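Okay, structure first, notes after.
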Amino acid sequence: MPKMKTKKALVKRFKKTATGKIKAGRPFRGHLLSGKTGNRKRALRKSTVIADVEQKRIKDLF
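In case it helps, this note's numbering puts the sequence shown at residues 77 to 138.
Structural data, given as structure tokens:
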């Protein structure tokens, strides 16, 4: 049976770390930014590690 193809949308949004965890950008950064403080907007620039429950679901699609 052939291998399952990689979901290209996931490859664009997520990245695997060296230890096998999955990183992603943070949401709430697209619009309506005038209501958010500068401190909050700076914090949203950083990527975050996805929760373990979600990682299991996403790893199958990589």
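Virtual Cβ for every residue (Gly too), placed ideally from N, Cα, C.
Values in this document were obtained by computation on a predicted structure and should not be read as measured data.
Residue 125 sits away from residue 91, with the two beta carbons spaced by 8 Å or more. According to the DSSP secondary-structure assignment, residue 113 is paired through a beta bridge with no residue.
Taking the Cα positions, residue 93 is about 16 Å away from residue 133.
For residue 85, the uninterrupted alpha helix (DSSP H) segment begins and ends at 84-89. With respect to the C-alpha of residue 127, the residue from 103, 119, 120 and 99 having the closest C-alpha is 99.
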